[in-house]
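Heads up, the thing below is written out as structure tokens.
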Amino acid sequence: GENVEQHPSTLSVQEGDSAVIKCTYSDSASNYFPWYKQELGKRPQLIIDIRSNVGEKKDQRIAVTLNKTAKHFSLHITETQPEDSAVYFCAASNQGNTPLVFGKGTRLSVIA
Amino acid sequence: GAVVSQHPSRVICKSGTSVKIECRSLDFQATTMFWYRQFPKKSLMLMATSNEGSKATYEQGVEKDKFLINHASLTLSTLTVTSAHPEDSSFYICSARSPGGEAFFGQGTRLTVV
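The listed protein sequences derive, respectively, from chains S and C. The numbering of the first sequence is the working numbering, which starts it at 10 and goes up by one. The numbering of the second sequence is the working numbering, which starts it at 2 and goes up by one.
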């Protein structure tokens with residue numbers, strides 16, 4: 010089955026700097042790669058996703074890149090703000106009705 | 002508004018009792034729903050896949066007789082934690098994938114067994 014590795018587990022950045030979180034996956038059949046932000050006690054919130062037919066996607070300060078050959082994808086947050094502080098999870102799955110497999114999470118702290 | 006609704010959001014129960022958690026898909030029919038468990042400061046771990054009209058599929062190490070799943074309609078899946086013990090205390094979250102592939106999550110249920 011799919012295995013998703015995520016690094017780093019914790020990340021501290023100064024406000025205004027960029028943050029990068031990286032994930033690798035094992036199943037070459039996976040083709041959907043979402044990123045979630047989770048605040049304490051809340052459900053995961055989708056912040057961006059990418060499918061295997063594109064290599065990069067951007068939404069304002071957030072971007073995701075995908076390298077299918079190397080089986081890794083990354084989340085980039087630019088101009089970080091204190092409200093970006095949260096736990097971020099990457100995930101991978103096939104299309105259709107298959108479950109997401111999550112990475113272990115990255116606790117991001119943005120220091121004002 | 003919420004696409005997937007989960008209830009209750011919090012429950013405290015005594016050891017040995019059972020707790021039922023409901024997960025409803027509000028905007029689309031979900032033949033499949035997923036149940037995850039999340040311990041403090043950990044990731045979401047898949048417990049089981051709930052299949053409408055058939056038996057659930059459980060992940061390795063998850064006791065099917067302890068975590069009963071029923072998916073009687075295209076919009077409702079229930080998870081019943083039977084004979085709950087303190088080690089079952091956790092955050093339980095359900096999920097369903099839309100026809101477009103995006104995964105939507107319920108609000109989660111914080112279960113505390115005392």
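Built from N, CA and C at the ideal position, the CB exists for glycine as well.
Contact list for residue i against chain S, beta-carbon separation under 7 Å
i: S44(C); result: F98, F111, G112, K113 and G114
i: R98(C); result: N106
i: T32(C); result: N106
Proximal chain S residues relative to residue i, where beta-carbon distance stays under 8 Å
i: E103(C); result: P43, L55 and D58
Test item: CB-CB of residue i and residue j under 8 Å
i: T33(C); j: S51(C); result: yes
i: T89(S); j: G10(S); result: no
i: K21(C); j: T79(C); result: yes
i: S61(S); j: V73(S); result: no
i: F92(C); j: G109(C); result: yes
i: L47(C); j: I94(C); result: no
i: T33(S); j: E48(S); result: no
Span of the beta strand (DSSP E) around residue i
i: Q23(S); result: T19 to Q23
i: S91(C); result: S91 to R98
i: P43(S); result: Y41 to Q47
i: N71(C); result: F68 to S74
i: L45(C); result: First-last for L45(C): undefined, no H or E at that position.
i: A104(C); result: A104 to F106
i: P95(S); result: According to the sequence as given, residue 95(S) is Ala; it is not Pro. Run containing A95(S): A95 to A101, per the beta strand (DSSP E) assignment.
i: V115(C); result: Element bounds for V115(C): n/a, residue is neither H nor E.
i: K31(S); result: A28 to Y34
i: V4(C); result: V4(C) -> no beta strand (DSSP E), and no H or E assigned at all.
Proximity test, Cβ basis, 8 Å: residue i and chain S
i: R111(C); result: yes
i: F106(C); result: yes
i: R38(C); result: no
i: T76(C); result: no
Cross-chain neighbours of residue i in chain C, by beta carbon under 7 Å
i: Q104(S); result: G102
i: P108(S); result: F35, L47 and T50
Cross-chain neighbours of residue i in chain C, by beta carbon under 8 Å
i: G50(S); result: F92, G109 and R111
Cβ neighbours of residue i in the same chain (closer than 7 Å, five flanking residues each side left out)
i: L117(S); result: L20, A28, D93, S94, A95 and Y97
i: L69(C); result: T81 and T83
i: V119(S); result: V22, E24, T89, Q90, P91, D93 and S94
Proximal residues to residue i (C-beta, below 8 Å), its chain only, five neighbours per side dropped
i: A121(S); result: E24 and P91
Beta-carbon contacts of residue i that lie in its chain and below 6 Å, excluding the five residues immediately before and after
i: D58(S); result: P43
i: L109(S); result: A100 and S102
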